[in-house]
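Undergrad: Position one of the sequence shown corresponds to residue 50 (the numbering used here), numbered consecutively onward. Cβ coordinates follow ideal geometry from the N, Cα and C atoms, glycine included. Got a structure for you, questions after.
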Amino acid sequence: MDPRPAQTQQNPESNARTSNARTTNGSGPGDGAPHGDGVFPEEPARREMPGPSVKLAVVVILLAVFVVVAGLIAQIFTGSTPPVAAPSSIPTAKGSPFKAIPAAPDLAPIISSGEPPDDIVNAIVLPAGSSPGAVIDDTSGAQSYDEQRMFEIVATEVPVITFFKVELAAQGWHIESTGPPKNQPGIEVLAQRAGSDGYYWEIGAVVSPTTFPSSGPAHARGQTEFEVRLFQVDSG
Numbered sequence: 050m051d052p053r054p055a056q057t058q059q060n061p062e063s064n065a066r067t068s069n070a071r072t073t074n075g076s077g078p079g080d081g082a083p084h085g086d087g088v089f090p091e092e093p094a095r096r097e098m099p100g101p102s103v104k105l106a107v108v109v110i111l112l113a114v115f116v117v118v119a120g121l122i123a124q125i126f127t128g129s130t131p132p133v134a135a136p137s138s139i140p141t142a143k144g145s146p147f148k149a150i151p152a153a154p155d156l157a158p159i160i161s162s163g164e165p166p167d168d169i170v171n172a173i174v175l176p177a178g179s180s181p182g183a184v185i186d187d188t189s190g191a192q193s194y195d196e197q198r199m200f201e202i203v204a205t206e207v208p209v210i211t212f213f214k215v216e217l218a219a220q221g222w223h224i225e226s227t228g229p230p231k232n233q234p235g236i237e238v239l240a241q242r243a244g245s246d247g248y249y250w251e252i253g254a255v256v257s258p259t260t261f262p263s264s265g266p267a268h269a270r271g272q273t274e275f276e277v278r279l280f281q282v283d284s285g
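Here is the structure:
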């Protein structure tokens with residue numbers, strides 16, 4: 050008889066069951082426990098939710114820029130400009146013999162289809178106390194805008210002439226000349242200013258000689274007629 054102790058034969062199926070049991074009872078890999086080499090298993094990467102697309106943001110920005118540029122181009126080709134409200138009051142320039150008032154309300158009958166542009170009309174003032182009169186349209190004969198309106202005021206001609214020289218310069222007009230007008234009596238203050246429509250505009254304030262009626266408020270102080278003529282300078 051062999052004196053060595055008998056060896057127990059291992060059953061392969063039993064070994065497999067024991068291995069599976071260690072895997073499922075919290076000591077196997079996949080539950081945060083280290084492998085046999087002491088290294089913890091890596092956790093699976095988390096899938097992040099997709100954020101806003103950069104391409105979509107770029108498309109939105111480009112579309113906004115396109116709309117703005119298209120609007121500007123359309124405005125240039127149509128020649129349209131946003132309307133500018135007429136001022137309700139205006140400061141009187143230093144050295145002016147009369148209080149200055151905006152002329153826009155009294156010049157409304159000679160404004161048509163955006164001519165003259167708002168920045169030109171709003172740069173015209175009248176002496177306080179002026180009364181508007183007839184409207185004269187010479188546009189058809191001049192082949193470009195040329196209209197005027199008559200006014201009168203109880204005052205002599207000299208302070209009226211001074212008023213237009215001082216006030217037009219204060220409103221950004223370039224005084225070109227002061228002297229006798231063509232084919233009519235009186236003194237004309239002629240000035241020029243660039244308009245927002247791309248044209249230069251001229252104003253002629255023609256002040257007639259003072260008259261003294263036989264009765265009425267102007268009998269002692271005198272009455273002076275003047276006209277405000279606006280015309281577009283030929284760009285050619």
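Where do the N-terminal and C-terminal ends of the alpha helix (DSSP H) with F261 fall, by residue?
TA: In the sequence shown, counting from the first residue as 1, residue 261 sits at position 212. For F261, there is no enclosing alpha helix (DSSP H), as DSSP marks it with neither H nor E.
Undergrad: Of all the options V256, K143, Y248, D187, which has the alpha carbon lying nearest to the alpha carbon of V238?
TA: Taking the first residue of the sequence shown as 1, we reach residue 238 at position 189. Closest by alpha carbon: V256.
Undergrad: Could you tell me which uninterrupted beta strand (DSSP E) segments, each at least 3 residues in length, are contained entirely in the region 210–251, listed from first to last along the chain?
TA: 223–228, 236–243
Undergrad: For K143, count neighbouring C-beta atoms within 10 Å of its own C-beta (all shown protein chains included) and say buried if the count is 16 or more, exposed if not.
TA: Against the sequence shown, residue 143 aligns to sequence position 94. Per the 10 Å Cβ criterion, exposed.
Undergrad: For F280, write down the residues that DSSP places opposite it in a beta bridge.
TA: On the sequence shown, position 231 is the one that residue 280 refers to. D195, E251, per the DSSP bridge assignment.
Undergrad: List the whole-angstrom C-beta distance separating F200 from L217, where the pair is believed to meet the contact cut-off of C-beta under 8 Å.
TA: Locating residue 200 in the sequence shown gives position 151, where the first residue counts as 1. Locating residue 217 in the sequence shown gives position 168, where the first residue counts as 1. Rounded, the Cβ-Cβ distance is 15 Å, inconsistent with contact.
Undergrad: Which whole-angstrom value is the C-beta distance of P158 and V184, which I expect to be below 8 Å?
TA: For the purposes of this step, residue 158 is taken as the residue at position 109 of the sequence shown. For the purposes of this step, residue 184 is taken as the residue at position 135 of the sequence shown. Correct: roughly 5 Å between the Cβ atoms.
Undergrad: Looking at the structure shown, is P208 part of a helix, part of a strand, or coil, going by DSSP?
TA: For the purposes of this step, residue 208 is identified with residue 159 of the sequence shown, where counting begins at 1. Of the three classes helix, strand and coil, the one that applies to P208 here is helix, per DSSP.
Undergrad: Given a cut-off of 9 Å on the beta-carbon distance, is the pair R270 and E196 in contact?
TA: By 1-based counting over the sequence shown, the position of residue 270 is 221. By 1-based counting over the sequence shown, the position of residue 196 is 147. No, the pair does not count as a contact, with Cβ atoms beyond the cut-off.
Undergrad: Report the rounded CA-to-CA distance for I236 versus T259, giving the unit in angstroms.
TA: The residue given as residue 236 occupies position 187 in the sequence shown. The residue given as residue 259 occupies position 210 in the sequence shown. In this model, I236 and T259 are separated by some 11 Å (Cα to Cα).
Undergrad: Per DSSP, what kind of secondary structure is S138 in: helix, strand or coil?
TA: Position 89 of the sequence shown, counting from 1, holds the residue named residue 138. Note: S138 maps to coil in three-state DSSP.
Undergrad: Tell me which residues share the same chain as S334 and place their Cβ nearer than 6 Å to its Cβ, disregarding the 5 neighbours each side in the sequence.
TA: Summary: the structure shown does not reach residue 334, with the chain confined to residues 50 through 285, and so no result is reported for it.
Undergrad: Taking DSSP as the reference, what is the three-state secondary structure of P146?
TA: Stepping through the sequence shown from its first residue, residue 146 is reached at position 97. Correct three-state label for P146: coil.
Undergrad: Thinking A172 and G221 are a contact (beta carbons under 8 Å), I'd like their distance in whole angstroms, please.
TA: Counting from one through the sequence shown, the residue named residue 172 turns up at place 123. Counting from one through the sequence shown, the residue named residue 221 turns up at place 172. Confirmed, Cβ separation roughly 6 Å.
Undergrad: Using the three-state DSSP reduction, which class does P154 fall into: helix, strand or coil?
TA: Along the sequence shown, read from residue 1 onward, the residue named residue 154 stands at position 105. If DSSP states are grouped into helix, strand and coil, P154 belongs with the helices.
Undergrad: DSSP beta-bridge partners for V184?
TA: Walking along the sequence shown from the start, residue 184 turns up at place 135. In the DSSP output, where bridge partners are listed per residue, V184 has R198.
Undergrad: Quick check: what's the CA-CA separation for G265 versus R198?
TA: For the purposes of this step, residue 265 is identified with residue 216 of the sequence shown, where counting begins at 1. For the purposes of this step, residue 198 is identified with residue 149 of the sequence shown, where counting begins at 1. Answer to the nearest angstrom: the Cα atoms are 24 Å apart.
Undergrad: Determine, using beta carbons only, whether V209 and F261 come nearer to each other than 9 Å.
TA: Locating residue 209 in the sequence shown gives position 160, where the first residue counts as 1. Locating residue 261 in the sequence shown gives position 212, where the first residue counts as 1. Against a cut-off of 9 Å, the Cβ pair of F261 and V209 comes out as no contact.
Undergrad: Closest by CA to H268, which one among V107, T188, V203, D186?
TA: Here residue 268 is taken as the residue at index 219 of the sequence shown, counted from 1. Of the candidates V107, T188, V203, D186, the one whose C-alpha sits nearest the C-alpha of H268 is V203.
Undergrad: In chain order, what residues of the same chain lie with their CB nearer than 7 Å to the CB of A243, ignoring the 5 residues before and after it?
TA: Taking the first residue of the sequence shown as 1, we reach residue 243 at position 194. If we look at A243 and ignore the five residues flanking it on each side, its Cβ neighbours are Y249.
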